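Written out below as structure tokens is the structure these notes cover.
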Amino acid sequence: MRQIIIIGSGPAGYTAAIYASRANLAPLLIASSVEAGGELMKTTEVDNFPGFAQGIQGPELMMQMQAQAERFGTEIVLDDVVSLELEGQVKRVTLGNGDVHEALAVIFATGSAYRTLGLEDETRLSGHGVSWCATCDGFFFRQKTIAVVGGGDSAMEEATFLTRFADKVYVIHRKDSLRASKAMQDRAFADPKIEFLWNKTVEHIYGDELVTGVGLVDTVDGTETTLDLSGVFVAIGADPRTHLVHGQLDLNPDGTIAVAGRSSKTNLPGVFAAGDVIDPTYRQAVTAAGSGTVAALDAEHYLAALPKDLVAAATQPEPAATLA
Amino acid sequence: MSVAHDVTEATFTEEVLNSKDTIMVDFWAEWCGPCRAVSPILDAIAAEHADKIKIVKLNVDDNPQLAIKYQITSIPAMKVFRNGEVVKTVIGAKPKPAIEADLAEFLA
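These protein sequence lines are chains C and P, in that order. Residue numbering for the first sequence follows numbering that gives the first Met the number 0, beginning at 0 and increasing consecutively. Residue numbering for the second sequence follows numbering that gives the first Met the number 0, beginning at 0 and increasing consecutively.
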């Protein structure tokens, strides 16, 4: 049994691991099998993380965070959590490979998952012109006409990035103004390759084997139009990733995990939540990192108040049990 | 780094299209984070099913004509070839059980 297990490997998870390992709690961090490092692994320049005056590449930032956590004794497992038992004093975490890990405290920092448009053809054409990752797929749209759907920071970042490859990038937004930050808006407005289509929703995605166009509906006058293009990048926000804790942890009406006040404490003793999974508002790498700090400190206080013999029994990480 | 060996535009016909084996081609690039994440999973599947399927890698930066020919618009993209034809396409970095399920008909 461990003292603490951290689930998630974005800024919240890694920062919690840095604090917990520096407090000699020897945390185990479950990083996921294919999404280790989280959303920042899909970004390019990160210019708003303090301490990097010239900016830093998202993947490089996450590798540095991982190395910093490992430097103080965090053990990282590249696998996915398939089930959690969070009630009771000893928490049980079951992984995709069948291993079962136990701990006295759990920090849940699973972030959020991209929202989809909810169109049937979106799934069918996913990977065939429909994409959620400009940095992964932009390369394949050289000299093509493409569209980004959305009006937030990530939509502006994707649109700006995609102009490196595409001849023309439409930004399709359902309102007549953006919620993206001023800096990101200005950059997109100034780009001659980007054209904004306001008050439009995507109702259809066309194409047999590859995307050939989209059908739009004007949200003001209901006019339907068709736009020929080769790619659609969907950037319409994200939802907290909570499916593992449904029925165990209390959620807010917006889908985030409910925590007490400014703390990371969930409704279950010994279970803490941090990062985008509790944050419907700010969702920045820096706020997630701060949130991870809060969770590690809360967990440390929780463990310090437990009976000493119980904590002593949890200080020697033993080989994980494996499901037969 | 992956243990799977690289194929190129120069070797593709002989090593993939003319092969008698079932071959999965992993279309990838250095700058693709999800490609790096899925690579060890593909290695593991290849090692566990060496008698059933071979896995090779194709760098899309170095071999753009093949990326165009096979209509790659998203990577990682894994295409299974039999007798020179694509018989299965798996797109995106997924956990090992999900990829094994996608490939079930070739691994059985």
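Backbone N, C-alpha and C fix where the C-beta goes; we use that ideal spot for every residue, glycine too. Since the model is a prediction, treat every value here as computed from it, not as a measurement.
Residues that residue i contacts on chain P, provided the C-beta gap is smaller than 8 Å
{"i": "Pro58 (chain C)", "result": "Gly32"}
{"i": "His100 (chain C)", "result": "Neighbours of His100 (chain C) on chain P: none; closest Cβ ~17 Å, over 8 Å."}
{"i": "Asp136 (chain C)", "result": "Thr72, Ser73 and Ile74"}
{"i": "Gly95 (chain C)", "result": "Pro94, Lys95 and Pro96"}
DSSP beta-bridge partners of residue i
{"i": "Asp227 (chain C)", "result": "C:Gly212"}
{"i": "Lys307 (chain C)", "result": "Paired residue(s): none; Lys307 (chain C) is not in a bridge."}
{"i": "Leu250 (chain C)", "result": "C:Ile256"}
{"i": "Ile145 (chain C)", "result": "C:Val168 and C:Gly230"}
{"i": "Glu59 (chain C)", "result": "None; Glu59 (chain C) has no bridge partner."}
{"i": "Ile4 (chain C)", "result": "C:Leu27 and C:Val105"}
{"i": "Leu57 (chain P)", "result": "P:Phe26"}
{"i": "Phe195 (chain C)", "result": "C:Val170"}
{"i": "Glu44 (chain C)", "result": "C:Gln56"}
{"i": "Ser180 (chain C)", "result": "For Ser180 (chain C), which the question treats as bridged, DSSP gives no partner whatsoever."}
{"i": "Phe80 (chain P)", "result": "P:Ile22 and P:Val85"}
{"i": "Glu74 (chain C)", "result": "C:Leu27"}
Buried or exposed by the 16-neighbour rule on C-beta atoms within 10 Å, applied to residue i
{"i": "Glu299 (chain C)", "result": "buried"}
{"i": "Ala66 (chain P)", "result": "buried"}
{"i": "Asp175 (chain C)", "result": "exposed"}
{"i": "Glu84 (chain P)", "result": "exposed"}
{"i": "Asn251 (chain C)", "result": "exposed"}
{"i": "Gln142 (chain C)", "result": "exposed"}
{"i": "Ser82 (chain C)", "result": "exposed"}
{"i": "Gly87 (chain C)", "result": "exposed"}
{"i": "Glu156 (chain C)", "result": "buried"}
{"i": "Gly150 (chain C)", "result": "buried"}
{"i": "Ala103 (chain P)", "result": "exposed"}
Proximity below 8 Å, CB of residue i to CB of residue j
{"i": "Gly72 (chain C)", "j": "Gly37 (chain C)", "result": "no"}
{"i": "Pro33 (chain P)", "j": "Gly91 (chain P)", "result": "yes"}
{"i": "Ile6 (chain C)", "j": "Ala16 (chain C)", "result": "no"}
{"i": "Leu302 (chain C)", "j": "Leu103 (chain C)", "result": "yes"}
{"i": "Val2 (chain P)", "j": "Val55 (chain P)", "result": "no"}
{"i": "Ser20 (chain C)", "j": "Leu77 (chain C)", "result": "no"}
{"i": "Ala28 (chain P)", "j": "Phe139 (chain C)", "result": "no"}
{"i": "Val210 (chain C)", "j": "Ser229 (chain C)", "result": "yes"}
{"i": "Asp278 (chain C)", "j": "Thr255 (chain C)", "result": "yes"}
Chain C contact residues for residue i, given Cβ-Cβ distances below 9 Å
{"i": "Ala36 (chain P)", "result": "Ser31, Ser32, Val33, Glu34, Ala35, Gly36, Met40 and Leu77"}
{"i": "Ala46 (chain P)", "result": "Result: empty, since nearest Cβ-Cβ is about 15 Å, beyond 9 Å."}
{"i": "Ile90 (chain P)", "result": "Ser125, Gly126 and His127"}
Any non-hydrogen atom of the ligand NAD within 7 Å of residue i CB
{"i": "Ala68 (chain C)", "result": "Here there are no bound small molecules, and the ligand NAD is not part of this structure."}
Interface residues of chain P facing residue i [CB-CB closer than 9 Å]
{"i": "Leu209 (chain C)", "result": "Gln70 and Thr72"}
Proximal chain P residues relative to residue i, where beta-carbon distance stays under 7 Å
{"i": "Ser153 (chain C)", "result": "Those do not exist, as Ser153 (chain C) stays about 16 Å from chain P at its closest Cβ, beyond 7 Å."}
{"i": "His127 (chain C)", "result": "Thr72"}
Chain-ordered chain C contacts of residue i [CB-CB under 8 Å]
{"i": "Gly83 (chain P)", "result": "Those do not exist, as Gly83 (chain P) stays about 19 Å from chain C at its closest Cβ, beyond 8 Å."}
{"i": "Ile40 (chain P)", "result": "Ser32 and Val33"}
Neighbouring residues, chain C, relative to residue i (Cβ below 7 Å)
{"i": "Lys93 (chain P)", "result": "Val33"}
Check your understanding: Should the region 107-114 of chain C be called in touch with the region 230-241 of chain C, which here means at least 3 C-beta pairs below 8 Å?
Key -> yes
Task: Stretch-stretch touch, CB-based, cutoff 8 Å, three pairs: the region 183-201 of chain C with the region 212-226 of chain C - done: Contact holds: three or more Cβ-Cβ distances are below 8 Å.
key: Any 3 or more C-beta pairs closer than 8 Å across the region 240-249 of chain C and the region 143-162 of chain C   = no
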